[in-house]
Amino acid sequence: MSLRTPESSRRVVRDEDRFWFDTNGFLILRNVFDDREIEAMNRSIDARVRDPATERKGNLRLTKTGGPLSGDGTTGRRDVAGFLGWPKGEREPFRKVLAHEKLIPYVHEFVGIGYRLDHNPLCIAQDPGAEGFEFHGGSTLDDGRWNWPLAYQYAQGQIRNNLLAVAVPLTDVKEGEGGFVIVRGSHKSNFAAPASVKRYENGVEHGYAPALNAGDAVLFSEATTHGTLAWKGAKQRRTLIYRFAPATAAYGRGYKDSWPSEWLEGTNDAQRAVLEPPYHPRLDRHAVADDGVNVIKPAPREEFKVNFDEKVFKSKYF
45 MSLRTPESSR
55 RVVRDEDRFW
65 FDTNGFLILR
75 NVFDDREIEA
85 MNRSIDARVR
95 DPATERKGNL
105 RLTKTGGPLS
115 GDGTTGRRDV
125 AGFLGWPKGE
135 REPFRKVLAH
145 EKLIPYVHEF
155 VGIGYRLDHN
165 PLCIAQDPGA
175 EGFEFHGGST
185 LDDGRWNWPL
195 AYQYAQGQIR
205 NNLLAVAVPL
215 TDVKEGEGGF
225 VIVRGSHKSN
235 FAAPASVKRY
245 ENGVEHGYAP
255 ALNAGDAVLF
265 SEATTHGTLA
275 WKGAKQRRTL
285 IYRFAPATAA
295 YGRGYKDSWP
305 SEWLEGTNDA
315 QRAVLEPPYH
325 PRLDRHAVAD
335 DGVNVIKPAP
345 REEFKVNFDE
355 KVFKSKYF
(Lines of atoms letter the chains of each structure in order from A and count residues from 1; the text may use other names and numbers.)
(Lines give C-alpha, C1' and ligand atoms only; values in the text may rest on other atoms or scores of the structure.)
Protein backbone atom coordinates (compact mmCIF):
# COMPACT_ATOMS: atom_id res chain seq x y z
CA MET A 1 0.00 0.00 0.00
CA SER A 2 1.51 3.33 -1.02
CA LEU A 3 1.95 6.03 1.61
CA ARG A 4 -0.67 8.74 1.56
CA THR A 5 -0.80 11.93 3.59
CA PRO A 6 -3.78 14.19 4.30
CA GLU A 7 -4.62 16.81 1.69
CA SER A 8 -6.10 20.04 3.01
CA SER A 9 -7.68 21.24 -0.23
CA ARG A 10 -11.21 20.21 -1.08
CA ARG A 11 -11.91 18.58 -4.42
CA VAL A 12 -13.95 20.10 -7.20
CA VAL A 13 -16.33 18.11 -9.38
CA ARG A 14 -15.02 18.34 -12.94
CA ASP A 15 -16.87 18.06 -16.23
CA GLU A 16 -15.03 14.77 -16.73
CA ASP A 17 -16.46 13.45 -13.45
CA ARG A 18 -20.00 14.31 -14.50
CA PHE A 19 -19.48 12.74 -17.92
CA TRP A 20 -18.12 9.46 -16.59
CA PHE A 21 -20.70 9.17 -13.83
CA ASP A 22 -23.55 9.86 -16.24
CA THR A 23 -22.09 7.43 -18.78
CA ASN A 24 -21.10 4.58 -16.47
CA GLY A 25 -23.22 4.99 -13.35
CA PHE A 26 -20.18 5.12 -11.05
CA LEU A 27 -17.03 7.11 -10.38
CA ILE A 28 -13.76 6.12 -8.72
CA LEU A 29 -12.01 8.76 -6.60
CA ARG A 30 -8.41 7.99 -5.74
CA ASN A 31 -6.64 8.71 -2.43
CA VAL A 32 -9.61 10.14 -0.57
CA PHE A 33 -8.54 8.75 2.82
CA ASP A 34 -4.99 8.83 4.15
CA ASP A 35 -3.04 5.99 5.75
CA ARG A 36 -3.79 7.11 9.31
CA GLU A 37 -7.54 7.04 8.69
CA ILE A 38 -7.39 3.62 7.04
CA GLU A 39 -5.14 2.14 9.73
CA ALA A 40 -7.42 3.41 12.50
CA MET A 41 -10.51 1.90 10.89
CA ASN A 42 -8.75 -1.42 10.28
CA ARG A 43 -7.64 -1.64 13.91
CA SER A 44 -11.23 -1.28 15.07
CA ILE A 45 -12.46 -3.85 12.54
CA ASP A 46 -9.68 -6.26 13.61
CA ALA A 47 -11.17 -6.40 17.10
CA ARG A 48 -14.59 -7.52 15.83
CA VAL A 49 -14.42 -9.20 12.45
CA ARG A 50 -13.68 -12.71 13.78
CA ASP A 51 -16.84 -12.85 15.86
CA PRO A 52 -18.63 -15.98 14.52
CA ALA A 53 -21.87 -14.00 14.31
CA THR A 54 -20.44 -11.86 11.51
CA GLU A 55 -20.15 -14.71 8.98
CA ARG A 56 -23.01 -15.50 6.60
CA LYS A 57 -23.58 -19.25 6.84
CA GLY A 58 -26.39 -21.56 5.73
CA ASN A 59 -29.47 -19.71 4.54
CA LEU A 60 -27.66 -16.39 5.05
CA ARG A 61 -25.34 -17.12 2.13
CA LEU A 62 -25.67 -14.75 -0.82
CA THR A 63 -24.92 -17.01 -3.80
CA LYS A 64 -26.14 -20.13 -5.55
CA THR A 65 -24.33 -23.31 -4.49
CA GLY A 66 -21.77 -24.33 -7.09
CA GLY A 67 -22.16 -21.11 -9.06
CA PRO A 68 -19.35 -18.86 -10.32
CA LEU A 69 -19.81 -16.48 -7.37
CA SER A 70 -19.92 -19.11 -4.62
CA GLY A 71 -16.17 -19.22 -3.92
CA ASP A 72 -15.03 -22.36 -2.13
CA GLY A 73 -18.65 -23.11 -1.23
CA THR A 74 -17.99 -22.90 2.50
CA THR A 75 -16.50 -19.55 3.46
CA GLY A 76 -19.17 -16.91 3.92
CA ARG A 77 -18.96 -13.15 3.71
CA ARG A 78 -18.51 -11.32 7.01
CA ASP A 79 -20.53 -8.21 7.86
CA VAL A 80 -19.52 -5.80 10.64
CA ALA A 81 -21.76 -2.85 11.52
CA GLY A 82 -22.58 -0.37 14.25
CA PHE A 83 -19.27 1.50 14.02
CA LEU A 84 -20.87 4.96 14.11
CA GLY A 85 -21.76 4.14 17.72
CA TRP A 86 -18.51 2.50 18.80
CA PRO A 87 -16.63 3.98 21.79
CA LYS A 88 -14.96 7.34 21.54
CA GLY A 89 -11.53 6.88 20.05
CA GLU A 90 -12.77 4.31 17.53
CA ARG A 91 -15.86 5.82 15.92
CA GLU A 92 -14.35 9.09 14.68
CA PRO A 93 -12.85 7.98 11.32
CA PHE A 94 -16.06 6.13 10.42
CA ARG A 95 -18.14 9.21 11.23
CA LYS A 96 -15.87 11.36 9.11
CA VAL A 97 -17.18 9.55 6.01
CA LEU A 98 -20.59 11.16 6.64
CA ALA A 99 -19.23 14.62 5.86
CA HIS A 100 -15.76 14.16 4.43
CA GLU A 101 -14.49 17.30 2.74
CA LYS A 102 -13.21 15.33 -0.26
CA LEU A 103 -16.55 13.56 -0.77
CA ILE A 104 -19.06 16.32 -0.04
CA PRO A 105 -18.82 18.09 -3.44
CA TYR A 106 -19.58 14.81 -5.21
CA VAL A 107 -22.45 13.81 -2.94
CA HIS A 108 -23.92 17.30 -3.36
CA GLU A 109 -23.55 16.96 -7.13
CA PHE A 110 -25.03 13.45 -7.38
CA VAL A 111 -27.63 13.50 -4.56
CA GLY A 112 -28.22 17.15 -3.67
CA ILE A 113 -27.63 19.57 -0.82
CA GLY A 114 -29.25 18.27 2.35
CA TYR A 115 -28.30 14.65 1.60
CA ARG A 116 -28.85 12.17 4.40
CA LEU A 117 -27.57 8.78 5.49
CA ASP A 118 -29.93 6.01 4.43
CA HIS A 119 -29.23 2.32 5.36
CA ASN A 120 -27.03 1.33 8.28
CA PRO A 121 -23.43 1.48 7.02
CA LEU A 122 -21.39 -1.70 7.23
CA CYS A 123 -17.99 -3.25 6.58
CA ILE A 124 -17.98 -6.16 4.15
CA ALA A 125 -15.10 -8.61 4.71
CA GLN A 126 -14.12 -11.51 2.44
CA ASP A 127 -11.60 -14.09 3.59
CA PRO A 128 -9.72 -16.06 0.90
CA GLY A 129 -12.23 -18.31 -0.87
CA ALA A 130 -15.24 -16.35 0.39
CA GLU A 131 -18.36 -16.16 -1.72
CA GLY A 132 -19.38 -13.02 -3.55
CA PHE A 133 -22.86 -11.56 -3.92
CA GLU A 134 -25.20 -12.05 -6.85
CA PHE A 135 -25.78 -8.95 -8.98
CA HIS A 136 -28.49 -6.67 -7.64
CA GLY A 137 -29.69 -3.08 -7.76
CA GLY A 138 -30.48 -1.98 -11.28
CA SER A 139 -32.80 0.49 -12.95
CA THR A 140 -35.56 -2.00 -13.74
CA LEU A 141 -37.47 -4.43 -11.53
CA ASP A 142 -37.89 -8.08 -12.49
CA ASP A 143 -41.45 -7.41 -13.68
CA GLY A 144 -40.24 -4.66 -16.03
CA ARG A 145 -41.31 -1.66 -13.96
CA TRP A 146 -38.91 1.25 -13.44
CA ASN A 147 -37.13 0.97 -10.09
CA TRP A 148 -38.02 4.40 -8.72
CA PRO A 149 -36.60 3.93 -5.19
CA LEU A 150 -33.14 3.45 -6.75
CA ALA A 151 -33.63 5.57 -9.87
CA TYR A 152 -31.00 7.68 -11.59
CA GLN A 153 -32.15 10.84 -13.35
CA TYR A 154 -30.65 13.73 -15.27
CA ALA A 155 -32.83 16.79 -15.88
CA GLN A 156 -32.32 20.53 -16.36
CA GLY A 157 -28.58 20.26 -15.85
CA GLN A 158 -28.78 18.25 -12.63
CA ILE A 159 -27.79 14.68 -11.79
CA ARG A 160 -29.92 13.00 -9.14
CA ASN A 161 -29.66 9.56 -7.56
CA ASN A 162 -32.39 8.37 -5.25
CA LEU A 163 -29.79 6.18 -3.58
CA LEU A 164 -26.03 6.67 -3.91
CA ALA A 165 -23.53 4.18 -2.50
CA VAL A 166 -20.07 5.19 -1.34
CA ALA A 167 -17.69 2.24 -1.03
CA VAL A 168 -14.38 2.76 0.76
CA PRO A 169 -11.87 -0.10 0.40
CA LEU A 170 -9.85 -0.63 3.57
CA THR A 171 -7.51 -3.06 1.77
CA ASP A 172 -5.92 -3.07 -1.67
CA VAL A 173 -7.63 -5.02 -4.46
CA LYS A 174 -5.51 -6.16 -7.40
CA GLU A 175 -6.90 -6.89 -10.85
CA GLY A 176 -8.22 -10.45 -11.03
CA GLU A 177 -8.60 -10.95 -7.28
CA GLY A 178 -12.37 -10.44 -7.28
CA GLY A 179 -14.42 -8.16 -5.07
CA PHE A 180 -16.63 -5.31 -6.24
CA VAL A 181 -18.00 -5.68 -9.79
CA ILE A 182 -20.35 -3.43 -11.74
CA VAL A 183 -22.04 -3.31 -15.15
CA ARG A 184 -21.20 -0.02 -16.84
CA GLY A 185 -24.19 2.01 -17.98
CA SER A 186 -26.82 -0.32 -16.52
CA HIS A 187 -28.32 2.56 -14.51
CA LYS A 188 -30.06 3.55 -17.76
CA SER A 189 -31.13 0.06 -18.85
CA ASN A 190 -34.79 -0.44 -19.76
CA PHE A 191 -34.65 -4.17 -19.14
CA ALA A 192 -34.30 -6.20 -15.98
CA ALA A 193 -31.08 -8.17 -15.64
CA PRO A 194 -31.80 -11.85 -16.48
CA ALA A 195 -31.19 -14.41 -13.74
CA SER A 196 -28.16 -15.82 -15.58
CA VAL A 197 -26.58 -12.36 -15.59
CA LYS A 198 -27.28 -11.83 -11.89
CA ARG A 199 -25.58 -15.15 -11.13
CA TYR A 200 -22.60 -14.24 -13.35
CA GLU A 201 -23.25 -17.22 -15.61
CA ASN A 202 -23.68 -15.14 -18.76
CA GLY A 203 -22.10 -11.96 -20.11
CA VAL A 204 -19.18 -12.02 -17.70
CA GLU A 205 -17.20 -9.79 -20.06
CA HIS A 206 -19.54 -6.93 -19.13
CA GLY A 207 -18.65 -7.09 -15.44
CA TYR A 208 -16.01 -4.53 -14.49
CA ALA A 209 -14.02 -5.28 -11.33
CA PRO A 210 -11.61 -2.36 -10.82
CA ALA A 211 -8.26 -2.53 -9.07
CA LEU A 212 -8.51 -0.37 -5.96
CA ASN A 213 -6.21 0.92 -3.26
CA ALA A 214 -7.13 1.26 0.38
CA GLY A 215 -8.36 4.82 0.81
CA ASP A 216 -9.99 5.16 -2.60
CA ALA A 217 -13.75 5.71 -2.84
CA VAL A 218 -16.20 4.27 -5.36
CA LEU A 219 -19.39 6.30 -5.78
CA PHE A 220 -22.10 4.40 -7.62
CA SER A 221 -25.79 4.71 -8.24
CA GLU A 222 -27.74 1.85 -6.70
CA ALA A 223 -29.53 1.84 -10.06
CA THR A 224 -26.32 0.52 -11.62
CA THR A 225 -26.36 -3.29 -11.54
CA HIS A 226 -23.54 -4.44 -9.29
CA GLY A 227 -22.37 -7.35 -7.17
CA THR A 228 -19.33 -8.99 -5.65
CA LEU A 229 -17.03 -11.61 -7.16
CA ALA A 230 -15.70 -14.49 -5.06
CA TRP A 231 -12.46 -13.49 -3.36
CA LYS A 232 -9.24 -14.97 -4.76
CA GLY A 233 -6.81 -12.74 -2.88
CA ALA A 234 -4.39 -14.12 -0.30
CA LYS A 235 -5.53 -11.74 2.47
CA GLN A 236 -8.90 -10.61 3.78
CA ARG A 237 -10.64 -7.98 1.68
CA ARG A 238 -12.51 -5.19 3.51
CA THR A 239 -14.78 -2.47 2.19
CA LEU A 240 -17.01 0.05 3.95
CA ILE A 241 -20.42 0.72 2.40
CA TYR A 242 -22.39 3.91 3.09
CA ARG A 243 -25.58 4.87 1.25
CA PHE A 244 -26.87 8.41 0.91
CA ALA A 245 -30.28 9.65 -0.22
CA PRO A 246 -31.81 13.05 -1.04
CA ALA A 247 -33.23 15.06 1.85
CA THR A 248 -36.81 13.98 1.13
CA ALA A 249 -36.16 10.32 0.29
CA ALA A 250 -35.77 7.15 2.33
CA TYR A 251 -35.21 3.53 1.35
CA GLY A 252 -33.88 2.02 4.57
CA ARG A 253 -35.77 2.17 7.84
CA GLY A 254 -32.90 1.91 10.30
CA TYR A 255 -33.24 5.53 11.37
CA LYS A 256 -36.90 5.13 12.50
CA ASP A 257 -37.50 8.49 14.22
CA SER A 258 -33.82 8.85 14.96
CA TRP A 259 -30.61 6.84 14.77
CA PRO A 260 -29.43 5.14 18.00
CA SER A 261 -28.42 7.64 20.66
CA GLU A 262 -24.84 6.34 20.75
CA TRP A 263 -24.51 7.23 17.06
CA LEU A 264 -25.46 10.83 17.79
CA GLU A 265 -23.40 11.33 20.94
CA GLY A 266 -20.43 13.57 20.20
CA THR A 267 -21.25 14.25 16.54
CA ASN A 268 -20.47 17.66 15.13
CA ASP A 269 -23.08 19.83 13.41
CA ALA A 270 -22.19 18.60 9.92
CA GLN A 271 -22.37 14.92 10.87
CA ARG A 272 -25.63 15.47 12.74
CA ALA A 273 -27.11 17.12 9.64
CA VAL A 274 -26.41 13.98 7.59
CA LEU A 275 -28.09 11.84 10.27
CA GLU A 276 -31.39 13.74 10.11
CA PRO A 277 -34.54 11.82 9.05
CA PRO A 278 -36.10 12.63 5.65
CA TYR A 279 -37.89 15.96 5.26
CA HIS A 280 -37.69 18.92 2.91
CA PRO A 281 -34.84 21.44 3.31
CA ARG A 282 -37.31 24.33 3.60
CA LEU A 283 -38.59 22.87 6.88
CA ASP A 284 -35.56 24.13 8.81
CA ARG A 285 -33.26 21.38 7.61
CA HIS A 286 -29.56 22.02 8.14
CA ALA A 287 -27.30 20.79 5.33
CA VAL A 288 -23.60 19.98 5.50
CA ALA A 289 -21.38 22.66 3.99
CA ASP A 290 -18.58 21.86 1.58
CA ASP A 291 -15.93 22.07 4.29
CA GLY A 292 -17.45 19.15 6.21
CA VAL A 293 -17.51 21.16 9.45
CA ASN A 294 -20.09 23.92 9.10
CA VAL A 295 -23.75 23.68 8.13
CA ILE A 296 -25.95 25.58 5.73
CA LYS A 297 -28.99 26.96 7.53
CA PRO A 298 -32.13 27.73 5.54
CA ALA A 299 -34.02 30.98 5.90
CA PRO A 300 -36.38 30.56 8.87
CA ARG A 301 -40.02 29.93 8.14
CA GLU A 302 -42.28 32.92 8.62
CA GLU A 303 -43.53 33.12 12.20
CA PHE A 304 -47.18 33.39 11.16
CA LYS A 305 -46.91 30.07 9.28
CA VAL A 306 -45.30 28.36 12.25
CA ASN A 307 -48.02 29.71 14.56
CA PHE A 308 -50.72 28.46 12.20
CA ASP A 309 -49.19 24.98 11.99
CA GLU A 310 -48.91 24.78 15.76
CA LYS A 311 -52.59 25.61 16.12
CA VAL A 312 -53.80 23.24 13.40
CA PHE A 313 -51.31 20.36 13.57
CA LYS A 314 -50.16 20.79 17.19
CA SER A 315 -46.64 20.86 15.77
CA LYS A 316 -44.24 23.39 14.24
CA TYR A 317 -44.29 21.39 11.02
CA PHE A 318 -47.05 20.05 8.82
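Residue numbers (our numbering): 45 to 362. All C-beta atoms in this analysis are idealised placements derived from N, C-alpha and C, irrespective of residue type, glycine included. Bear in mind that the values here come from a model prediction, so they are computed numbers and not experimental data.
Next item on the list: Have a look at Gly277 and Ile340 and give me their C-alpha separation to the nearest angstrom.
Entry: 44 angstroms
Checklist line | Integer Cβ distance of Ala258 from Asp216, believed to fall under 8 angstroms | finding: 6 angstroms
Item checked: Rounded distance between the beta-carbons of Asp260 and Ile72, thought under 8 angstroms -> 6 angstroms
Notebook entry, point to check: Does the stretch 333-351 come close enough to the stretch 134-151 to have 3 or more Cβ pairs within less than 8 angstroms?
Noted result: yes
Notebook entry, point to check: Thr272 and Tyr323: beta carbons closer than 8 angstroms?
Noted result: no
Check: When we look at the beta-carbon of Asn305 and count the other beta-carbons within 10 Å, is it buried (16 or more) or exposed?
Finding: Checking the sequence shown, residue 305 turns out to be Ser, not Asn. That one is exposed.
Item checked: Asn191, buried or exposed, once every other Cβ within 10 Å from all chains shown has been counted against 16 -> buried
Notebook entry, point to check: Apart from the five residues on each side of it in sequence, which residues of its chain come closer than 8 angstroms, Cβ to Cβ, to Trp307?
Noted result: Leu128, Gly129, Leu319
Notebook entry, point to check: Asp169 bridges to which residues according to DSSP?
Noted result: It is worth fixing the name first, because residue 169 is Ala in this sequence and not Asp. Its beta-bridge partners are Arg122, Arg282.
Item checked: Every unbroken alpha helix (DSSP H) inside the stretch 236-311 [4 residues or more] -> 239-242, 305-308
Note to self: Suppose you measure from the CA of Arg54 to the CA of Val356; what does that come to, to the nearest Å?
What the structure shows: 45 angstroms
Note to self: If the criterion is Cβ atoms closer than 8 angstroms, does the pair Ser240 and Gly182 meet it?
What the structure shows: no
Item checked: Per DSSP, cross-strand counterpart(s) of Thr184 -> Trp190
Next item on the list: Give a yes or no on whether the C-beta atoms belonging to Asn86 and Leu214 are separated by under 8 angstroms.
Entry: yes
Notebook entry, point to check: Mapping DSSP to helix, strand and coil, what is Asn205?
Noted result: strand
Checklist line | C-alpha distance - Val227 paired with Lys349, whole-angstrom precision | finding: 48 angstroms
Margin query: Given a cut-off of 8 angstroms on the beta-carbon distance, is the pair Glu266 and Leu207 in contact?
Written below: yes
Checklist line | Reduced DSSP secondary structure (H/G/I, E/B, other) of Arg139 | finding: helix
Item checked: the stretch 274-290 touching the stretch 165-180, judged by at least three CB pairs closer than 8 angstroms -> yes
Item checked: Gly247 beta carbon less than 8 angstroms from that of Glu175 -> no
Next item on the list: Measuring alpha carbon to alpha carbon, tell me which of Leu185, Ala289, Glu221, Glu219 ends up nearest Val210.
Entry: Ala289
Note to self: Does chain D have any CB closer than 8 angstroms to the CB of Lys132?
What the structure shows: The displayed structure is made up of one protein chain only, and chain D is not part of it.
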